Each structure stands twice: as structure tokens, then as C-alpha cells.
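Residue numbers for the sequence shown follow our numbering, so the first one is 1280 and each next one is one higher.
Below: one structure, written as C-alpha cells.
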Amino acid sequence: MVLQEIWKQEEEETLSIITYGMGVHWAMNATQELGVQDRVEVVDLRTYIRWTIRPYLPV
């Protein structure tokens, strides 16, 4: 419920780009060229995978 309230409070539309590897660099460069860095979130899957797999790795 809290996330729905936060979503309603945003006045501008935003975009999330979920990618990895060179796609991260391409997305970052594109947002800079278009001047929309403040409205675009680039998520690098390589950092997410390390975070989710870590609890399952042997110690």
C-alpha cells in the first residue's frame, strides 16, 4: 500500500531500464544525450545477481 501512495505522489513519468554489460553504458550515454538523467533509472543486472546469489554460495 505504501508503494502505491509513493507512486501517486510522483508528478513526472519515469523510466527504468534494466540491462547488463554494454547495455548499461549505452543506456547511460543515451540518457545524457537526451538530457533525461533525472527521469531514468538504469539498473545493472550484474549487481542484482551477485546480491541474490550470495546467500546460496558455500562459505
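Note that CB positions come from ideal geometry on N, CA and C, so glycine has one too.
All of these numbers come straight from a predicted model, not from anything done at the bench.
Find the nearest neighbour of Val-1315 within the set Thr-1298, Ile-1297 and Ala-1306, judged by alpha-carbon distance.
Here residue 1315 refers to the residue found at position 36 when the sequence shown is read from its first residue. Cα-wise, what sits closest to Val-1315 is Ala-1306.
Arg-1318 and Glu-1290 - do their beta-carbons sit closer together than 8 Å?
Here residue 1290 refers to the residue found at position 11 when the sequence shown is read from its first residue. Here residue 1318 refers to the residue found at position 39 when the sequence shown is read from its first residue. The Cβ atoms of Glu-1290 and Arg-1318 do not sit closer than 8 Å to each other.
Hey, could you find the ends of the beta strand (DSSP E) Glu-1320 is sitting in?
Here residue 1320 refers to the residue found at position 41 of the sequence shown. 1319–1323 is the extent of the beta strand (DSSP E) around Glu-1320.
Run of the beta strand (DSSP E) containing Thr-1298, from where it starts to where it stops
Walking along the sequence shown from the start, residue 1298 turns up at place 19. Thr-1298 -> beta strand (DSSP E) spans 1294–1298.
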